[in-house]
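Report on the following structure.
Number of protein chains: 2
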Amino acid sequence: MAKLQKSIDKRNRLIKATIQLVNNNGFHATPMSKIAKMANVSPATIYLYFKNKQDLVNQTYIEVKAKYTAYAFETYKNDMPIEAGFKLIWYRIADFKLKECENAMFLAQCDNTPMIDEASRKEGIKNLQPLLDLWARGKKEGIIKPLSDYLLYAYAINPLSFLMITQKRGDFQLDETHLEEAYQSAWGSIKVCK
Amino acid sequence: MAKLQKSIDKRNRLIKATIQLVNNNGFHATPMSKIAKMANVSPATIYLYFKNKQDLVNQTYIEVKAKYTAYAFETYKNDMPIEAGFKLIWYRIADFKLKECENAMFLAQCDNTPMIDEASRKEGIKNLQPLLDLWARGKKEGIIKPLSDYLLYAYAINPLSFLMITQKRGDFQLDETHLEEAYQSAWGSIKVCK
DNA sequence: AAAAAAAGAATGAACATTCATTTTTATATA
DNA sequence: TATATAAAAATGAATGTTCATTCTTTTTTT
Chain A
1 MAKLQKSIDK RNRLIKATIQ LVNNNGFHAT PMSKIAKMAN VSPATIYLYF
51 KNKQDLVNQT YIEVKAKYTA YAFETYKNDM PIEAGFKLIW YRIADFKLKE
101 CENAMFLAQC DNTPMIDEAS RKEGIKNLQP LLDLWARGKK EGIIKPLSDY
151 LLYAYAINPL SFLMITQKRG DFQLDETHLE EAYQSAWGSI KVCK
Chain B
195 MAKLQKSIDK RNRLIKATIQ LVNNNGFHAT PMSKIAKMAN VSPATIYLYF
245 KNKQDLVNQT YIEVKAKYTA YAFETYKNDM PIEAGFKLIW YRIADFKLKE
295 CENAMFLAQC DNTPMIDEAS RKEGIKNLQP LLDLWARGKK EGIIKPLSDY
345 LLYAYAINPL SFLMITQKRG DFQLDETHLE EAYQSAWGSI KVCK
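The listed protein sequences correspond, in order, to chains A and B. For the first sequence, the working numbering assigns the number 1 to the initial residue and increments by one for each residue that follows. For the second sequence, the working numbering assigns the number 195 to the initial residue and increments by one for each residue that follows.
Given below as structure tokens:
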């Protein structure tokens, strides 16, 4: 147990270092040697945990994506009313993007560059199912516009990534008021207008 | 004239090659030698046109951003009615993102990674002024929600980037119908609801 | 005392940038 | 107009560095 514990801890430090360094410098400008140093480990040790650099970043992506969706759906029950359920998930996602900024920035970079394997990307998307189910239910009930999931995601969820990035750059502060406004815009863009 | 013409042509080829290679491989996985080869030029020649690799990518960014905004506002007049003006600009932007996919993908990658200098990024944003002016006018007239420009951009414009990327990945096809739906979502998220 | 984990140093490839020449272009002269 | 020459542009090869990965040895665990 002690051994396994130690290993997991080391692995976590490597993943954490990868996130921070890739956020600041990008994937290819992040040398394995720096990751090792930040994780207090020898460069060679990384290869005991990961096959190579690509594998390290793929696994990091999958892990962060899983953490993200776990957080998003933690308190959601799939029999909730549509709008309440959506609001809950939306605020959880917003929360994650603002509080777990490091993780969210990492995902944004992965999702907008060719740095992640196609397979790992697919793997990461799976966890979003509960939201897609909610939308399907909402469409059936005539509450949510009958649009492609991609369109719904583009308008209801993705703007949060943009706002997080501008916030991280210091151009803009996303406070409580803004958050409520953003939610209204998100809901306004996907709900059926009466 | 012949000489200058030739130079501009070479510079254009270098910028085009940079866009294509960075789109496919990312900034740091794109060697100068490959850029040179694709532009039919010696590696050393690049340094006659650009100070170094960072300068090359910065200038490419600024140039593409300028092309993007020029296209967006080409037919817009600043005395147009709010909704008509917005609709015009929105469709021009959509058009650009779908037709000039290479250019748009490049901008998306630049805007979501640390690959561009802060100064060049600022430079690129300036050209967006006509849209901000339109929004200011719309807010004054009570037609557009009194939100921060960043929020308006996040909901009205940025989703197009996400849709373009998913389209490029082949996950989703953004046809005429979808485009109309997307416009309705965009306008729905920023217009004052009556 | 054997096996597993970790380490630091070594290896070899890739790369940005520069250097020494060559080629092209522009200019001046006859 | 044709030729010589200076200047500019372009080149391929060289340079020195950085880096991912592996190798050999040491340390820790069982």
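From the three backbone atoms N, C-alpha and C, an ideal C-beta is built for every residue, glycine too. Treat the numbers as computed from the prediction; the structure is a model and nothing was measured.
Presumed contact (8 Å Cβ cut-off) between residue 357 of chain B and residue 154 of chain A, rounded CB distance: 5 Å
Sheet register partners of residue 34 of chain A (DSSP bridge): DSSP, once it has assigned bridges, lists no residue as partnering residue 34 of chain A.
Who are the Cβ neighbours of residue 72 of chain A in its own chain at under 6 Å, not counting the five residues just before and after it? 89, 92, 93
Mark residue 44 of chain A as exposed unless 16 or more other C-beta atoms lie within 10 angstroms of its C-beta, in which case mark it buried. Under a 10 Å Cβ-count criterion, residue 44 of chain A is classified as exposed, with fewer than 16 other Cβ atoms of the shown protein chains found around its own Cβ.
Interface residues of chain B around residue 148 of chain A at Cβ under 7 Å? Under the 7 Å cutoff, chain B gives 366, 372.
Are residue 21 of chain A and residue 38 of chain A closer than 8 Å when you measure CB to CB? yes
Using 10 angstroms around the beta-carbon of residue 213 of chain B, count the other beta-carbons present and answer buried if the total reaches 16, otherwise exposed. buried
Take residue 64 of chain A as the anchor and find which of A:46, A:7, A:127 has the nearest alpha-carbon. A:127
Roughly how many angstroms lie between the CA atoms of residue 67 of chain A and residue 275 of chain B, to the nearest whole one? 46 Å
Under a three-way DSSP split, which group does residue 310 of chain B fall into? coil
At least one CB of chain A closer than 8 Å to the CB of residue 345 of chain B: is that the case? yes
Taking the C-alpha atoms as reference points, what is the distance between residue 323 of chain B and residue 165 of chain A? 20 Å
Under 8 Å between C-beta atoms, does residue 382 of chain B make it to chain A? yes
Residue 241 of chain B to residue 220 of chain B, Cα distance in whole Å? 20 Å
Cβ of residue 324 of chain B less than 8 Å from any chain A Cβ? No, because no Cβ of chain A sits closer than 8 Å to the Cβ of residue 324 of chain B.
Strictly by DSSP, which residues pair up with residue 385 of chain B? B:338
Rounding to the nearest angstrom, what Cα-Cα distance links residue 11 of chain A and residue 52 of chain A in this structure? 14 Å
Looking at the secondary structure, which residues open and close the alpha helix (DSSP H) in which residue 297 of chain B lies? 295–305
Output needed for residue 1 of chain A: all residues of its chain with C-beta closer than 6 Å, excluding positions within five of it in sequence on either side, in chain order. Bear in mind that a pLDDT of 36 at residue 1 of chain A, under 50, signals an unreliable position, so the model cannot answer this.
Pick out whichever of B:377, B:248, B:223, B:208 has its Cα sitting closest to the Cα of residue 234 of chain B. Per the Cα distances, B:208.
Just mark residue 386 of chain B as buried or exposed, buried being the case when its beta carbon has 16 or more other beta carbons within 10 Å. exposed
So, residue 181 of chain A versus residue 325 of chain B, is the Cβ gap smaller than 8 Å? no
Listed by chain order, chain B residues near residue 163 of chain A by CB distance under 8 Å: Those within 8 Å of residue 163 of chain A in chain B are 344, 345, 348.
Determine the burial state of residue 78 of chain A: buried for a count of at least 16 other Cβ atoms within 10 Å of its Cβ, exposed for fewer. exposed
Express the C-alpha separation of residue 178 of chain A and residue 167 of chain A in angstroms, rounding to a whole number. 12 Å
For residue 166 of chain A, would you say it is in contact with chain B, using Cβ-to-Cβ distances shorter than 8 Å as the test? yes
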